[in-house]
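Structure first, commentary second.
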Amino acid sequence: MLNPLTQVSLERLRRRTSVKWRQFPDDVLPLWVAEMDVDLAEPVRQAVLDALDLGDTGYPAGTDYQEALAAFARQRWGWNLPVERTALVSDVMLGIVELIKLVSGPGAPVIVSPPVYPPFYLFVRSMGRAVVEAPLRHGRLDLEVLERTFQHVKADRPVYLLCNPQNPTGTVHTAEELTALARLAETYGVRVIADEIHAPLVSRGTRFVPYLSVDENGMSLMSASKGWNLAAMRAAVAISGTDDLARLPEEVSHGPSHFGTIAHAAALRHGGEWLDALLAGLDDNRKLLKNLLAEHLPEIGYEPSEATFLAWLDCRAVSADPAAFFVERGKVALMSGAGFGSGGAGHVRFNIGTSPEIITEAVRRMAASR
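Per UniProt numbering, the sequence shown starts with residue 1, numbered consecutively.
Structure representation (structure tokens):
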């Protein structure tokens, strides 16, 4: 199968009306928000067209999405996802909010390991909860820092939000790391909720470990949204190792789009060949970006990751505010690291879910802007 990242021209991409292509003027290359420059996988497109032809535009029902995810998990990760302990939610972050409310004490803080996905801060603080940081160490979980943090947080049932695989670093946590985290959580009475939206985007030579496979008290949010570029078709699956999801308010299930459940289920059941071609393209793009930066911007630090379509660049040698610097002087829009919490300042997140030509042009502009 052809690389999905090489099939859409820049001219056609600029006709899109999503936030990626409307936030900045047309002379800016947008490599910031987490949208890929791909067309829909054919099985997904056909499933949505079939639903439209049927007038199947009502409310979602049944567990087809969860069953498709369970089949994908068995095939790709060797994990038996408990369909009977799942619930449909509108998307991963709103699902996280509901799970925090479900399993934590009133006003209990939420622990995160920065640099990490900015909505972890935004959504938690909008709930009126405090965010407590236990920073990563060289991009990986720092178990000593986590233990000190868990030990010192005095609250009724605090929560730790795990990003697995990690956004923005692309780190894939190992079974040993996650098992150690689960032990600490049990020891100190912390409930772990894992954002595993990037799980399908792990390189084929790397093992993804679902958090619930090592922690029977954990909770997870999964979705086909990132793996198949389906943000417009909202749907996600909440999964628990316990029976807690039976206590979710009934109205939580009203959020997912019926088109979303149809599209996501089709992606998981029939989109494997497309995904494998994408993963190969992303591996190539990581190598390309590494080589381009080494040649043209050696002062920028970058280590290719094993997952996601995101690259985390250390630009402290270039500017204190590199995202503003590159968009103003180079006409390249990147995500500022400042919103990712401690350790994010001076960094940018670069979206490699695009064509090699766009990546090459972006680095050319960045180098010329100095």
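Think of the CB as a built atom: it goes at the ideal place given N, C-alpha and C, for glycine as much as any other residue.
By the DSSP assignment, the alpha helix (DSSP H) with residue i in it spans what residues?
| i | result |
| --- | --- |
| A71 | 64 to 77 |
| E176 | 175 to 188 |
| I197 | Where I197 is concerned, there is no enclosing alpha helix (DSSP H), given that its DSSP letter is neither H nor E. |
| I262 | 258 to 270 |
| V327 | 322 to 329 |
| I300 | Segment: none, I300 is in no alpha helix (DSSP H) and carries neither H nor E. |
| R144 | In the sequence on display, residue 144 carries Glu and not Arg. Looking at the DSSP string, the run of the alpha helix (DSSP H) that includes E144 is 143 to 152. |
| V19 | 19 to 22 |
Please state the DSSP three-state secondary structure of residue i.
| i | result |
| --- | --- |
| residue 372 | One cannot answer for residue 372 here, as it falls past the ends of the chain, which runs 1 to 370. |
| residue 438 | A query on residue 438 cannot be resolved here, the shown segment of the chain reaching from 1 to 370 and no further. |
| V110 | strand |
| D276 | helix |
| L40 | coil |
| M219 | strand |
| P30 | strand |
| A231 | coil |
| residue 410 | A question about residue 410 goes unanswered here, because the residues of the chain that appear run from 1 up to 370. |
| R286 | helix |
| V172 | coil |
| M93 | helix |
| E133 | strand |
| S253 | helix |
| M366 | helix |
| A246 | helix |
| D56 | coil |
| H296 | helix |
| D156 | coil |
| V332 | strand |
| L310 | strand |
| R16 | coil |
| V116 | coil |
Assuming residue i and residue j are in contact, meaning their beta carbons sit under 8 Å apart, how far apart are those beta carbons, in whole angstroms?
| i | j | result |
| --- | --- | --- |
| D91 | S223 | 7 Å |
| N351 | L31 | 5 Å |
| F309 | M36 | 6 Å |
Starting from residue i, trace the beta strand (DSSP E) in both directions and tell me its first and last residue.
| i | result |
| --- | --- |
| D125 | According to the sequence shown, residue 125 is Arg rather than Asp. Where R125 is concerned, there is no enclosing beta strand (DSSP E), although the alpha helix (DSSP H) it sits in stretches over 119 to 126. |
| Y211 | No beta strand (DSSP E) contains Y211, which DSSP labels as neither H nor E. |
| L161 | 159 to 163 |
| residue 441 | Here the chain comprises residues numbered 1 to 370, so residue 441 is not present and cannot be evaluated. |
| A236 | 236 to 240 |
| A317 | No beta strand (DSSP E) holds A317; DSSP gives it neither H nor E. |
Run the CB neighbour count on residue i, radius 10 Å, all protein chains shown included, and call it buried at 16 or more, exposed below.
| i | result |
| --- | --- |
| T149 | buried |
| Q66 | buried |
| L49 | exposed |
| G281 | buried |
| D56 | exposed |
| E251 | exposed |
| T187 | exposed |
| N291 | exposed |
| M233 | buried |
| R286 | buried |
| Q75 | exposed |
| G260 | buried |
| T17 | exposed |
| V190 | buried |
| P4 | buried |
| M1 | exposed |
| A68 | buried |
| Q166 | buried |
Contact the segment 265 to 276 vs the segment 40 to 59: 3+ CB pairs below 8 Å = yes
Are the segment 126 to 134 and the segment 326 to 336 touching by the rule of at least three beta carbon pairs closer than 8 Å?
-> Segment contact: the segment 126 to 134 against the segment 326 to 336, fewer than three CB-CB distances shorter than 8 Å; contact not assigned.
Segment contact flag, the segment 176 to 186 with the segment 297 to 313, C-beta cutoff 8 Å, min 3 pairs = no
Would the segment 336 to 347 and the segment 200 to 211 be scored as touching if the rule is three or more Cβ pairs under 8 Å?
-> With the cut-off at 8 Å, the segment 336 to 347 and the segment 200 to 211 do not touch.
Would you be able to state if there are at least three C-beta pairs under 8 Å between the segment 73 to 89 and the segment 239 to 254?
-> yes
Inter-stretch contact at 8 Å, needing at least 3 Cβ pairs: the segment 163 to 175 / the segment 207 to 216 = yes
Take every Cβ of the segment 136 to 147, pair it with every Cβ of the segment 109 to 116, and state whether three or more of those distances are shorter than 8 Å.
-> Cβ pair count under 8 Å is three or more, so yes.
contact_flag[the segment 319 to 332, the segment 96 to 103] where n(CB pairs < 8 Å) is 3 or more = The segment 319 to 332, when compared against the segment 96 to 103, does not touch it at the 8 Å Cβ threshold.
Are the segment 294 to 305 and the segment 348 to 368 touching, with three or more C-beta to C-beta distances below 8 Å?
-> yes
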